[in-house]
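Each residue of the sequence shown is one higher than the one before, counting from 0 in numbering that gives the first Met the number 0. Every residue, glycine too, gets a C-beta built ideally from N, C-alpha and C.
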Amino acid sequence: MKQAILSAVFIIAVNTSFATPLRNWSDSSRVSIPEPAEILSEIVKVTGLQSNFELKAADVLNIEASISHKKRYILYNPSFINWINSITKDKWAVMALLAHEIGHHLNGHTMLKTGSTPELELEADQFAGFVLHKLGASLEQAQEVMKHIAKTEASKTHPGRSSRMAAIQTGWTRASGADEIIAGVNSGAQPY
Ligand SMILES: [Zn+2]
C-alpha cells in the first residue's frame, strides 16, 4: 500500500509533464466548474489552515491522501475528476472529495500506515460534511458525491453508501450547530 503511494509520487517526480495544469481537457461540461486547485484553496480558506497540501495530478485510481518526505500530498486522477464533474455538473462533488482527503491528513490517518479502513473513511466523511456546510452546500449537495462513488455494500476498506452519507450528515449538522451558537452569541451581544 505504502509502496504503491510512494511510487505514484515518484512517477510525478520523473514525469513532470503529467502534473502540469490541465489546459488540454476541453470537456465543455467542466467549463463552469473550478479547477481542483481553486476548490482546494476555497477549502483551505474556510478552515483557516495553512496551505501546505501539494495537489498533484497522478496515475492513481481516483483520489488519495499520502505523505512523502514529510510533505502532504493529495493525488488525483484527472480522468476521475472529469468523470465526476460531467455527472454532477457542479463543484460540490470534487469539493467533497478534496475535503475528505484533507480530513484524512488532519486526522492523522496518513501517518497510520493502515491504508483505508471503514472507521477512518467515516471520520474523513464527517470532516467533508463539516467543510461543505461551511462553504454553503446544502446537505443534499454535500452528500451527492456518494451516490456516484460509494458502493451500496461495505467492503473491507470502505463503509457502504448509507453509512458514508450519514457521516457526511453528522459533520454537516455539526457545522450548522456551530453557526447557531455563533449567531446566538452575536444576537445577544451588547454594543460597547
Ligand atoms: Zn478516504
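For residue 44, the enclosing alpha helix (DSSP H) begins and ends at 35 to 46.
In this structure the stretch 82 to 99 lies against the stretch 133 to 144, because at least three pairs of beta carbons, one per stretch, are closer than 8 Å. In terms of side-chain proximity, the C-beta atom of residue 99 is found nearer than 7 Å to a non-hydrogen atom of ligand 1.
By the neighbour-count definition (other C-beta atoms within 10 Å, threshold 16), residue 132 is a buried residue.
The Cβ atoms of residue 100 and residue 143 do not sit closer than 8 Å to each other.
The C-alpha of residue 73 lies about 6 Å from the C-alpha of residue 55.
Bridge partners of residue 66 according to DSSP: 71. Linking residue 70 to residue 145 through their CA atoms gives a straight-line distance of about 28 Å. Apart from the 5 residues on each side of it in sequence, residue 121 sits with its Cβ closer than 8 Å to the Cβ of 158, 162, 163 and 166 in its chain, given in chain order. For the 8 Å CB-CB criterion, residue 42 and residue 90 do not form a contact. Residue pairing by DSSP leaves residue 165 without any beta bridge partner.
Residue 124 has its alpha-carbon roughly 13 Å from the corresponding atom of residue 108.
Annotation for residue 154 indicates a beta carbon at 7 Å or more from all heavy atoms of ligand 1. Residue pairing for residue 97: DSSP places it in no beta bridge.
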